[in-house]
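Quick note: the first sequence uses our numbering, first residue 82, plus one each step.
Glycine included, every Cβ here is placed at the ideal spot set by N, Cα and C.
Single-structure report; data block below.
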Amino acid sequence: MAVQTSGRSVYDDDFDEEDGPTVFKRSKPTAKQNPLNSEVNKLSSQRRDGQSGRQVSGIPSSNGQNLSSQKGKMVTSNKASPVKSPAASPKASTSSVKASPEKSPVANSRKLSMSDGHAKHSSEQKLSRSIKEEMYSAENNDSEDSEDDKPLSARLKGNSNPAHKGIGKPIPTTSLPTVSKNAAKKYSEDSDDEVPLSSRFPFKSNVGTPNSKSYESEEKKPLASKIQQNGSTLRDKQHKSSMVIGKRPLDTANSSDQSSVKKTKLSDTSTTVKIKQVSVKAELKTDDDDDHIPIAQRIKKPSASGNKSSSTKQKPVKVASSSFKKTTQKSKKAVKNSKYIKSTKMSPSAGDGQKKWTTLVHNGVIFPPPYKPHGVKMRYSGKPVDLNPDQEEVATMFAVMKDTDYMQKDKFKENFWTDWRKLLGKNHVIQSLEKCDFTPIYDWCQQEKEKKKQMSTEEKKAVKEEKLNQEEKYMWAIVDGVKEKVGNFRVEPPGLFRGRGEHPKMGKLKKRIRPRDITINIGKDAPIPECPIPGESWKEVRHDNTVTWLAFWNDPINPKEFKYVFLAASSTLKGQSDKEKYEKARMLKDYIENIRAAYTKNFTSKDVMKRQIAVATYLIDKLALRAGNEKDDDEADTVGCCTLKVENVKAVAPNTLEFNFLGKDSIRYENKVEVELPVYKAIIQFQAGKKGSDDLFDQLDTSKLNAHLKELMPGLTAKVFRTYNASITLDEMLNIETKDGDVAEKIVVYQHANKEVAIICNHQRSVSKSHSQQMSRLNEKISELQGLLKELKTDLDRAKKGKPPLKNADGKRRNLAPEAIEKKIAQTNTKIEKMVRDMKTKEDLKTVALGTSKINYLDPRITVAWCKRHEVPIEKIFNKSLLAKFAWAMDVDPDFRF
DNA sequence: CATAAGACTTGCAGATACACGT
DNA sequence: ACGTGTATCTGCAAGTCTTATG
Numbered sequence: 082m083a084v085q086t087s088g089r090s091v092y093d094d095d096f097d098e099e100d101g102p103t104v105f106k107r108s109k110p111t112a113k114q115n116p117l118n119s120e121v122n123k124l125s126s127q128r129r130d131g132q133s134g135r136q137v138s139g140i141p142s143s144n145g146q147n148l149s150s151q152k153g154k155m156v157t158s159n160k161a162s163p164v165k166s167p168a169a170s171p172k173a174s175t176s177s178v179k180a181s182p183e184k185s186p187v188a189n190s191r192k193l194s195m196s197d198g199h200a201k202h203s204s205e206q207k208l209s210r211s212i213k214e215e216m217y218s219a220e221n222n223d224s225e226d227s228e229d230d231k232p233l234s235a236r237l238k239g240n241s242n243p244a245h246k247g248i249g250k251p252i253p254t255t256s257l258p259t260v261s262k263n264a265a266k267k268y269s270e271d272s273d274d275e276v277p278l279s280s281r282f283p284f285k286s287n288v289g290t291p292n293s294k295s296y297e298s299e300e301k302k303p304l305a306s307k308i309q310q311n312g313s314t315l316r317d318k319q320h321k322s323s324m325v326i327g328k329r330p331l332d333t334a335n336s337s338d339q340s341s342v343k344k345t346k347l348s349d350t351s352t353t354v355k356i357k358q359v360s361v362k363a364e365l366k367t368d369d370d371d372d373h374i375p376i377a378q379r380i381k382k383p384s385a386s387g388n389k390s391s392s393t394k395q396k397p398v399k400v401a402s403s404s405f406k407k408t409t410q411k412s413k414k415a416v417k418n419s420k421y422i423k424s425t426k427m428s429p430s431a432g433d434g435q436k437k438w439t440t441l442v443h444n445g446v447i448f449p450p451p452y453k454p455h456g457v458k459m460r461y462s463g464k465p466v467d468l469n470p471d472q473e474e475v476a477t478m479f480a481v482m483k484d485t486d487y488m489q490k491d492k493f494k495e496n497f498w499t500d501w502r503k504l505l506g507k508n509h510v511i512q513s514l515e516k517c518d519f520t521p522i523y524d525w526c527q528q529e530k531e532k533k534k535q536m537s538t539e540e541k542k543a544v545k546e547e548k549l550n551q552e553e554k555y556m557w558a559i560v561d562g563v564k565e566k567v568g569n570f571r572v573e574p575p576g577l578f579r580g581r582g583e584h585p586k587m588g589k590l591k592k593r594i595r596p597r598d599i600t601i602n603i604g605k606d607a608p609i610p611e612c613p614i615p616g617e618s619w620k621e622v623r624h625d626n627t628v629t630w631l632a633f634w635n636d637p638i639n640p641k642e643f644k645y646v647f648l649a650a651s652s653t654l655k656g657q658s659d660k661e662k663y664e665k666a667r668m669l670k671d672y673i674e675n676i677r678a679a680y681t682k683n684f685t686s687k688d689v690m691k692r693q694i695a696v697a698t699y700l701i702d703k704l705a706l707r708a709g710n711e712k713d714d715d716e717a718d719t720v721g722c723c724t725l726k727v728e729n730v731k732a733v734a735p736n737t738l739e740f741n742f743l744g745k746d747s748i749r750y751e752n753k754v755e756v757e758l759p760v761y762k763a764i765i766q767f768q769a770g771k772k773g774s775d776d777l778f779d780q781l782d783t784s785k786l787n788a789h790l791k792e793l794m795p796g797l798t799a800k801v802f803r804t805y806n807a808s809i810t811l812d813e814m815l816n817i818e819t820k821d822g823d824v825a826e827k828i829v830v831y832q833h834a835n836k837e838v839a840i841i842c843n844h845q846r847s848v849s850k851s852h853s854q855q856m857s858r859l860n861e862k863i864s865e866l867q868g869l870l871k872e873l874k875t876d877l878d879r880a881k882k883g884k885p886p887l888k889n890a891d892g893k894r895r896n897l898a899p900e901a902i903e904k905k906i907a908q909t910n911t912k913i914e915k916m917v918r919d920m921k922t923k924e925d926l927k928t929v930a931l932g933t934s935k936i937n938y939l940d941p942r943i944t945v946a947w948c949k950r951h952e953v954p955i956e957k958i959f960n961k962s963l964l965a966k967f968a969w970a971m972d973v974d975p976d977f978r979f
């Protein structure tokens, strides 16, 4: 890759040297907006949001305080199905393409979800897409290295008008003719393959059909979104209106720190000492030899091969002999895979085997302070009891949980009692938990908390500084000569296990971790961190550079499992794999059409397992379900796709499926979806003759499913669909809904898209304790304003007639000119409208968590590119930690599309 | 092959920091 | 200056997926 030598990108400059928000300016102020947008916008006005109440009463699903009661109030049952999909109206592209004669059963089955009749993509597009598929690896290299890593300034000079790129690369996903340069390039360069297309893609002809019109446009979204279009069942809680989410602009003060995203390359690992001396902030800003080099390139430095990015680190995928190939894309796959292998071989990671780093220096982990007995006596049968420090410690853990929901759970108390009793001993005075009164300890803890709160600012600051001082040395590691933040260097303190949902182990004592429990992983030549507790030593010291963890210990609750210390999300190591994740999801984009066609075909396969795989894949794709691994009995009883029980899905004629189950973290997934008839029928078949608690997919588990997926695309697994659907949704929504307007309006568009994704992924949060209170407070304010409005109107009437204003209860009003009153009225109206909007937004988002998708599912390059295109300061969308985490994405081409 | 072990990502909640209106 | 509400950060639980093992 051409290393960018000429200096920083525009972005970098802003980042480093300015305090103000970073605005991605285009060199040409023109072409800010895709010309198509205006048309597309119409579509957007038809969209409705899903509604958000997804939790169900009575389900003890979380451990938050008062949660169950809150949840209980939420009656709404259908979960939203989000996005409808204006997003993909391929009209534009259609025009450039001729209709193809393909016909496909698949397409037919999709009609259902395509009520708005989007045009489909032409066969030509499909073909070129297929070609692209084969060339994936080549493309990757191109896109990652040749373009993205160029300085922004350089890139901007080029063709910044998205419309220019239309040639050559069909983006099936959207109708926008926008095509990335990379893709176009790839297309032409990649035509190397001599094999006739027709033979390479026997499957093709099946895929698109005349009636697949909206198939393509629609297919990119989870079904849920589509269904909503006709979804009579769904509540229309929406507000296409863009609501102001009330997000505060990040303060510019932050930006000065942002250079933290840069890595400081140290000339050699022995510089550790120096590092330790510098304060964090100072360090962040210090000399950075590599500052001018984009992170993406720096990442690769350590690798001797200096090769182009390997967007996928996985090892070559074996070309399995699968039935799928036979039926569909045999030759294609073979070709693909071989290329894939080739490219992977050249990649640094492949060359180094599993090697994740070359040198690794760090200072180990920090332990929580030993327990300080407070001596406060709890009571047993009303009498004070003496406890030794160990017993007291555990009693205190229990005491402080007084007003959490766990206290209502018998399992929690039972588990706690079992473990505490072991400490007390059989013959202790305390013989039963019921007679225990922990309130003295509880009260004491509250007092302590209060004391802390009352400390003066200076005192607090001092305490903080002291803590920082102690921790500083643990906060950093040096990986291949680059100083990187460590994620969780603090060893977990002892406590009572707070499992989520109905976890069988809740309340058990999580014992204190000691050095002898901990295995350290560190570079061979690095000094071994000294054990912070005198007289003890680490369990083991390894030098394993095929893994990224710095330390681990066995989870005291489940000794078969481990707790790892990793680098922070902002590290290059994490950034790299994050990028690979998104590249894989982008790769899926090129395969998705065939994959969907294949599973659609298999809805009616005679082979039950195939049918189950098909339907499961469909659900994962359309509803963004998780894979659903098997779980042990000593874990909360939750499910994912492969572990769905018969009772979790209800088939309602003619073709609706009602899902209701507890997913990850015991979050309820509740959704009604209209599905293709074959899916509906298949589900009924799978349920036939089974009990409610039986597995719906009895022939299936995640390894079978993923093994199958891997035959369809290298590295494909179930979770890739979630990433793909989340990111593609964001990309499309942003590009369709962004209009000219001020930054605030654009941010609203972003948040709206973000929200849709969160709903698709079922990312929930519990309603804040004060939510209803806050709502009524807002209501009060609104009616106050409305009262004022009334008075103003009266005044206006009187003023027009030349009469003086009436006096009201609390005094008199000023005598104003009618114009002034009118102005006031307008202002008040605006204020009221804004408050109403805000309230709606607040109500709407009260159970939706936007953060998770932003952190884990949305390709940051979509966001960064959009910010560049629309001159939205990236800080308005990404906070400081996100900026650091996504450093690798910052110099993306403004024309980047997912 | 099935299962276990191992490694890494994803997810929610509570604590804490911070901005905003009064 | 202060309380309140929101945004962000942190902690750690709970997933996914790969690899090793018998």
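Tell me, please, which residues DSSP counts as bridged to residue i.
{"i": "F740", "result": "V730, N752"}
{"i": "V646", "result": "A632"}
{"i": "R677", "result": "Its beta-bridge partners do not exist; DSSP assigns none."}
{"i": "N806", "result": "Partner(s): none; N806 has no beta bridge."}
Cα-Cα, which of the options is closest to residue i?
{"i": "T810", "options": "C842, D779, N787", "result": "C842"}
{"i": "L777", "options": "G656, I748, L700", "result": "L700"}
{"i": "V830", "options": "D876, A769, E903, I958", "result": "I958"}
{"i": "A799", "options": "A825, E837, S857, A708", "result": "A708"}
{"i": "A695", "options": "E861, F767, D878", "result": "F767"}
{"i": "R950", "options": "E529, G822, G883", "result": "G822"}
{"i": "A476", "options": "S784, K662, V457", "result": "V457"}
{"i": "A763", "options": "R749, E792, V727, S784", "result": "V727"}
{"i": "P615", "options": "I936, P451, L704", "result": "P451"}
{"i": "E914", "options": "E552, S537, Q867, D524", "result": "Q867"}
{"i": "T440", "options": "H509, A705, D625", "result": "D625"}
{"i": "K771", "options": "N550, D606, W525, N729", "result": "N729"}
{"i": "I511", "options": "E473, N639, S618", "result": "E473"}
{"i": "M556", "options": "N910, H443, E792, S537", "result": "H443"}
{"i": "L669", "options": "P899, A558, S808, K884", "result": "S808"}
Evaluate residue i with the Cβ neighbour count: other Cβ atoms within 10 Å of its Cβ, from every protein chain shown; 16 or more gives buried, anything less gives exposed.
{"i": "N816", "result": "buried"}
{"i": "P574", "result": "exposed"}
{"i": "M324", "result": "Per-residue confidence for M324 stands at a pLDDT of 32, beneath the threshold of 50, marking its modelled position as unreliable; no derived number is given."}
{"i": "T681", "result": "buried"}
{"i": "S747", "result": "buried"}
{"i": "H983", "result": "No statement about residue 983 is possible, as the shown extent of the chain runs from 82 to 979 and does not include it."}
{"i": "N469", "result": "exposed"}
{"i": "Q845", "result": "buried"}
Can you list, in chain order, the residues of its chain whose CB lies under 7 Å from that of residue i, leaving out five sequence neighbours each side?
{"i": "K494", "result": "L514, G588"}
{"i": "K862", "result": "M916"}
{"i": "V973", "result": "D229, R942, V945, A946"}
{"i": "T499", "result": "none"}
Roughly how far, in whole angstroms, is the beta-carbon of residue i from the beta-carbon of residue j, given that I think they are within contact range, below 8 Å?
{"i": "L758", "j": "N736", "result": "5 Å"}
{"i": "F448", "j": "P613", "result": "6 Å"}
Going by beta carbon distance, what residues of the same chain come within less than 6 Å of residue i, once the five residues before and after it are set aside?
{"i": "K927", "result": "V848, H852"}
{"i": "H584", "result": "A717"}
{"i": "T698", "result": "Y680"}
Closer than 8 Å by C-beta to residue i: which residues in its own chain qualify, once you throw out the five before and the five after it? Chain order, please.
{"i": "S462", "result": "K516"}
{"i": "T719", "result": "G582, K712, F742, L743, G744, K745, D746, S747"}
{"i": "F643", "result": "F633, W634, N635, D636"}
Are there any heavy atoms of the ligand ATP lying less than 8 Å away from the beta-carbon of residue i, as far as the coordinates show?
{"i": "C526", "result": "Ligands in the displayed structure: none, and consequently the ligand ATP is not present."}
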